[in-house]
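Note sheet for the following structure.
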Amino acid sequence: MSSSSEKSIQNAVDEVRRLITDAVRQEQFRDQLTELYNDAALMGNLQQMVEAGQKFWCAFFEIDRFKEVNDKFGYSQADALLKRVAVTMATLASNSFGPHFSVYRAHGDEFYLLVPIQGDIRYDEVQATLDSIRLSISQISITVDKLPDAMRCTVSVGWVTSDAARLGGSSPEGTSPQGIKHLLEHATSYAKRKGRNRVVLYDAETVKAVSRSVRTSCNRCETSFSADIPVEREEAEKSLFCPNCGTGLLPACRPTTSP
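Residue 106 in this note's numbering sits at position 83 of the sequence shown; the count goes up by one each step and never skips.
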């Protein structure tokens, strides 16, 4: 066999390996149920945008009372609902933003929409678009055999801009991917408190309405720090983390005082 033939074969083998590696990498960042990007992809993309100084806004969609849907219709039917929500979000986002967006299913009933900002943000347009997506999701109806009621859902939505994230939360929390998700949880928690099935933009008043300030110290590194945590214990466990060592769950920290 000539050296040129051997080189061609080796190039072909290398290309196949590259394609396989790319496919595996893509699989690692995809949610298997909905085929949207997953939480790892969200965190990675947020980190890239933060490091590059890219302006963006991000929205957090959480299905209201999803446990009740699971209990009433069963997990397999609830999965069908999650798929419909995913398709609805992706379709409407594509209609509004063209290729300049990404949709994620992070965990269970939690979805995110991430959009880079080119120029000045039009807050009213973003709010209207998110409200349109919220309304479309509320109009999803899936008939389930042997049950009189169709399966439906609503979503509570919180969103934040990168500029607001840099100002909100204590450094470095607001500018980290986990910190951005923390702010989004505040906004979505406020939407739920206001009656669910609505869209809320994160601001300082949102935090005051749904959180309490505590002085805590981390069990791992013993750093003391102040934090605003959502009133609901479940939300707090997902959002509080140590700004020094990155410990990400409330049980790893011990609240010491409450101002």
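We put the CB at the ideal spot given by N, CA and C, even for glycine.
On a predicted model such as this, the values are computed, not experimentally measured, just so you know.
Any idea if residue i is buried or exposed, counting beta-carbon neighbours within 10 angstroms, 16 or more meaning buried?
| i | result |
| --- | --- |
| residue 258 | Low confidence applies to residue 258: its pLDDT is 45, below 50, so where it sits in the model is not reliable, and the reading given next is rough at best. Residue 258 should be labelled buried. |
| residue 133 | buried |
| residue 179 | buried |
| residue 166 | exposed |
| residue 122 | exposed |
| residue 64 | buried |
| residue 214 | buried |
| residue 75 | exposed |
| residue 157 | buried |
| residue 244 | exposed |
| residue 186 | exposed |
| residue 88 | exposed |
Measure the C-alpha to C-alpha separation of residue i and residue j and round it to an integer number of angstroms.
| i | j | result |
| --- | --- | --- |
| residue 154 | residue 239 | 37 Å |
| residue 73 | residue 143 | 17 Å |
| residue 181 | residue 82 | 6 Å |
| residue 79 | residue 151 | 17 Å |
| residue 111 | residue 93 | 20 Å |
| residue 71 | residue 190 | 19 Å |
| residue 226 | residue 102 | 33 Å |
| residue 135 | residue 247 | 31 Å |
| residue 59 | residue 242 | 36 Å |
| residue 69 | residue 126 | 12 Å |
| residue 129 | residue 119 | 22 Å |
| residue 174 | residue 90 | 13 Å |
How far does the alpha helix (DSSP H) with residue i in it reach, from first residue to last?
| i | result |
| --- | --- |
| residue 200 | 200 to 216 |
| residue 148 | 146 to 161 |
The beta strand (DSSP E) spanning residue i covers which residue range?
| i | result |
| --- | --- |
| residue 181 | 178 to 184 |
| residue 74 | First-last for residue 74: 62 to 75, but that is the alpha helix (DSSP H), not the beta strand (DSSP E). |
| residue 22 | As displayed, the chain neither begins before 24 nor continues past 282, which places residue 22 out of reach and without an answer. |
| residue 223 | 222 to 224 |
### Query
Is the stretch 140 to 148 touching the stretch 156 to 172 in the sense that three or more CB pairs, one from each, lie closer than 8 Å?
no
### Task
Could you tell me whether the stretch 106 to 117 touches the stretch 201 to 208, using the rule of 3 or more Cβ pairs below 8 Å?
no
#### Entry: Inside the stretch 92 to 143 only - beta strand (DSSP E) runs reaching at least 3 residues
125 to 130, 133 to 139
### Task
Determine contact between the stretch 93 to 109 and the stretch 218 to 225, defined as no fewer than three beta-carbon pairs at a distance below 8 Å.
Put simply, the stretch 93 to 109 does not touch the stretch 218 to 225. Fewer than three CB pairs are less than 8 Å apart.
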